[in-house]
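Data block below; observations after.
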Amino acid sequence: MQPLVELDHVNKYYGDLHVLNDIDVSIPKGQVVVVIGPSGSGKSTFCRAINRLETIDSGEIRIDGVPLPSEGKALAQLRADVGMVFQSFNLFSHKSILENVTLGPIKVRGLKRKDAEERAMHLLERVGIANQAHKMPAQLSGGQQQRVAIARSLAMEPKLMLFDEPTSALDPEMINEVLDVMVELAHGGMTMITVTHEMGFARKAADRVLFMADGKVVEDSTPESFFSNPQSARAKDFLSKIL
Ligand code: ADP
Ligand code: MG
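Right, dumping it as structure tokens:
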């Protein structure tokens, strides 16, 4: 079967720094992948390359067998197909919660406002924010804003969701409300690539763990075997510091 995401011998440099070093990974539809590794190992660059927020220097990235487009309408389409949620919530601060979630579907997917609003309310319901739809982002807590950011991505009906440390800017009491939404999404069949050090999420939801160090995928295994029996010295050292 055609994988949903393929990174085919991908390399990227920042000057002398080999930030993605021969990344060769193929992800089937529906798989939930957790990417972990030390700070600076290339995890964010890996995610950003997949929706072409970063270019690569060699190799190829394909979604559904099609190489990533580089510009124009096709690029806007890609960004809609590949949702991304960042550490910082990145909501449009001058727009209401509802508008945040309807804007993309109206502009990029061509939905009528009424249909976009119906879809948005359904998604806000799903992430537990429906009663805040007419508020502005600054009136919500960090955890609520991050759930809106997830709903906003989902409103585009993405094929793939990328999460780059979505809970690391949150106060501890808000982490679980965001992780719960992500676990539900994972169990619902969404293909996901999540950079996180939340082991609870990895154990509950992930099919696969990629451990990155120095721009390379050093281990590629199940959460069970990665956490209980890491193979490399790098992974053992990393786990000893975070567990
Ligand atoms: P991680 O998310 O694993 O912490 P990143 O992908 O953000 O790692 O960064 C990997 C390395 O690339 C780091 O050493 C970082 O300093 C460097 N880097 C990231 N973005 C840039 C950039 N725009 N220009 C130069 N170096 C960068
Ligand atoms: Mg990062």
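Numbering (this note's numbering), first residue to last: 7 to 249.
Quick reminder that beta carbons are idealized off the backbone N, C-alpha and C, glycines included.
Owing to the predicted nature of the structure, the values given are computational and were not obtained by experimental measurement.
- Neighbourhood of the ligand ADP, defined by CB distance below 5 Å to any of its heavy atoms: Y20, V25, S45, G46, S47, G48, K49, S50 and T51, in chain order.
- DSSP, read as helix, strand or coil, puts D243 in helix.
- Relative to the ligand MG, the beta carbon of E77 is positioned no closer than 7 Å to any heavy atom.
- In the three-state scheme derived from DSSP, where H, G and I count as helix and E and B as strand, S50 is classed as helix.
- Under DSSP, the beta-bridge partners assigned to L23 are Y20.
- Put simply, of P143, L166 and L249 the residue whose alpha carbon is nearest the alpha carbon of T200 is L166.
- Annotated three-state conformation of I62 is coil, per DSSP.
- In the displayed model, R115 falls within coil according to three-state DSSP, outside both helix and strand.
- For secondary structure counted as the alpha helix (DSSP H) over 4 or more consecutive residues, the stretch 120–168 holds these complete runs in sequence order: 148–160.
- DSSP lists M167 as the bridge partner or partners of G89.
- Rounded to whole angstroms, the Cβ separation of I156 and V187 is 6 Å, and the two are in contact under 8 Å.
- Not one heavy atom of the ligand MG lies closer than 7 Å to the C-beta of E60.
- Distances from the CB of V189 to the heavy atoms of the ligand MG are all 7 Å or more.
- DSSP places D186 in no beta strand (DSSP E) but in the uninterrupted alpha helix (DSSP H) bounded by P178 to H193.
- Between the ligand MG and D170, a heavy atom-to-CB distance of less than 7 Å is present.
- The closest heavy atom of the ligand MG lies less than 7 Å from the beta carbon of V201.
- With at least 16 other beta carbons inside 10 angstroms of its own, N57 counts as buried.
- In the DSSP assignment, M198 falls within the unbroken beta strand (DSSP E) covering T197 to V201.
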